[in-house]
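*Asks:* Here the sequence shown stands for residues 1060 to 1372, numbered as in our numbering.
Note that beta-carbon positions come from the ideal geometry of N, C-alpha and C, so glycine has one too.
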Amino acid sequence: MKNYIDLSDIEDLPALLDDALQLKNKNSDPELGKGKTLGMLFFNPSLRTRLSTEKAAKLLGMEVMVMNVNSDGWALEFEDGQIMDSNKAEHIKEGAAVLSQYCDIIAVRAFPELKDKERDNAELVMNGFKKYASVPILNMESATGHPLQALTDALTITELKTMKRPKVVLTWAPHPRALPHAVPNSFVQMMQKMDVELCIANPEGYNLNPEITKNTRIFHDQEEALKNADFVYVKNWSSYENYGETLKTDGGWTFNQEKLRVTNNAKVMHCLPVRRNVVIADDVLDSENSVVIHQANNRTFAAQAVLRKLLKG
Ligand code: CP
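(1) Mind checking whether residue 1207 and residue 1108 have CB atoms under 8 Å apart?
(2) Could you work out which residue in 1335, 1082, 1265, 1155 is closest to residue 1119 when comparing CA atoms only?
(3) Does the ligand CP have even one heavy atom less than 7 Å from the beta-carbon of residue 1363?
(4) Buried or exposed: residue 1139, going by 16 or more other Cβ atoms within 10 Å of its Cβ?
(5) To the nearest whole angstrom, what separates the beta carbons of residue 1315 and residue 1342, a pair I think is in contact under 8 Å?
(6) Pairs of beta-carbons, one from the region 1201–1219 and one from the region 1167–1179, closer than 8 Å: are there three or more?
(7) Considering only residues of the same chain and omitting the five flanking positions on each side of residue 1312, which have a CB-CB separation below 8 Å?
(8) Going by the DSSP bridge assignment, what does residue 1330 pair with across the sheet?
(9) Among 1068, 1154, 1152, 1135, whose alpha-carbon lies nearest the alpha-carbon of residue 1146?
(10) Can you determine whether any heavy atom of the ligand CP sits closer than 7 Å to the C-beta of residue 1113, and answer yes or no?
(11) Where does residue 1133 land, buried or exposed, given buried means 16+ other C-beta within 10 angstroms?
(12) Please classify residue 1353: does DSSP put it in a helix, a strand, or coil?
(13) Compute the distance between the beta-carbons of residue 1339 and residue 1327, then report whether it is under 8 Å.
(14) Of all the beta strand (DSSP E) runs that stay within the bounds of the region 1113–1191, which reach a length of 3 or more residues?
(15) Would you be able to state if there are at least three C-beta pairs under 8 Å between the region 1215–1223 and the region 1179–1191?
(16) May I have the straight-line CA-CA distance separating residue 1368 from residue 1197, to the nearest angstrom?
(17) Indicate whether residue 1078 and residue 1362 have their beta-carbon atoms separated by less than 8 Å.
(18) Quick check: is any heavy atom of the ligand CP less than 7 Å from the C-beta of residue 1215?
(19) Please list, in chain order, all residues with a C-beta atom less than 5 Å from at least one heavy atom of the ligand CP.
(20) Could you compute how far the alpha carbon of residue 1117 sits from the alpha carbon of residue 1329?
(21) My output table needs one value for residue 1325: the three-state DSSP class, helix, strand or coil.
Structure follows, in structure tokens:
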């Protein structure tokens, strides 16, 4: 694997999931990363991605360097041909080239601004690193995708499913802030690669990018979508159509026990962090149906499987 920037970088998904499961059962490659360094650059906060990816690298014998770019680094310019007389002191051309001298893999987290759809879809930060670094790039959540989270989600469903082709529902839920589309985008794309019956539930005005959802069924009636679901993935996202906005909804979309009863005793997933009693009610998060901690644990093994592939080139 040359990079892990989006799901198209996965050559063989079943084999990658097998690798992750094997690594979970037994750390089979503790020497592979000896003498290699993972550089982790954060333009935004993180708990799970930061610690699970660092742990994964260390389990493979790698050294890890972490930098919070906004507070500790020079402000980077990502557009070519700029007269750099603003606050941006360093161009990605030099920045990525220099980081490639110190790191064997560069991992980057850079959220969207949610102001300009075309600009966010252009993935300036991730593509800047891809273009100007000479080492593999690992996406730790970009403007439009979170492929490490999606691999974790696929691993979790593969482990916990009790039938060949489970029904998986991605349902929107409320949130006080405007959130990116990266997690739901990558989840939908990943489920489209798997043998599941996928549908999406969201209020009117909250349809995801149609180039991503393609033929996936979208319901605006949450209860209708949830009927007989085996897995429910709960997530908020801002409007894609009215880009980055939070629209007025009927307020009844919080996932609670009443919603759970409509399902086939579904396992409930969320990427975390989750706002209790806004996105998912206590009575679900504290129930046996919630698999969010199991899911978060799998972040390490998904990251380990990907790092292993990147180290092997
Ligand atoms: N799910 C996830 O990416 O968590 P963090 O934002 O804490 O890394």
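*Replies:* On the basis of the coordinates in this document:
(1) Yes, these two residues count as a Cβ contact at 8 Å.
(2) Residue 1082 holds the alpha-carbon nearest to the alpha-carbon of residue 1119 among 1335, 1082, 1265, 1155.
(3) Every heavy atom of the ligand CP is 7 Å or more from the Cβ of residue 1363, so no.
(4) Sixteen is the threshold: since fewer than 16 other Cβ atoms of the shown chains lie within 10 Å of the Cβ of residue 1139, the residue is exposed.
(5) In this structure residue 1315 is in contact with residue 1342, their Cβ atoms being roughly 6 Å apart against a cut-off of 8 Å.
(6) These segments touch.
(7) If we look at residue 1312 and ignore the five residues flanking it on each side, its Cβ neighbours are 1230, 1231, 1232, 1233, 1262, 1281.
(8) For residue 1330, DSSP assigns no beta-bridge partner whatsoever.
(9) Out of 1068, 1154, 1152, 1135, 1135 has the C-alpha closest to the C-alpha of residue 1146.
(10) Result no, Cβ not under 7 Å from the ligand CP.
(11) Label assigned to residue 1133: exposed.
(12) Looking at residue 1353 - three-state DSSP - the assignment turns out to be helix.
(13) Contact annotation: residue 1339 and residue 1327 have beta-carbon atoms nearer than 8 Å.
(14) Counting only runs of 3 or more, we get 1122–1127, 1164–1168.
(15) The answer is no - the region 1215–1223 does not touch the region 1179–1191, with fewer than three Cβ pairs under 8 Å.
(16) Computed Cα separation, rounded: 11 Å.
(17) For the pair residue 1078 and residue 1362, the CB atoms are not nearer than the 8 Å cut-off.
(18) Incorrect: residue 1215 has no Cβ contact closer than 7 Å to the ligand CP.
(19) My final list is 1105, 1106, 1107, 1108, 1330.
(20) Whole-angstrom Cα-Cα distance: 26 Å.
(21) Three-state DSSP puts residue 1325 in coil, outside helix and strand.
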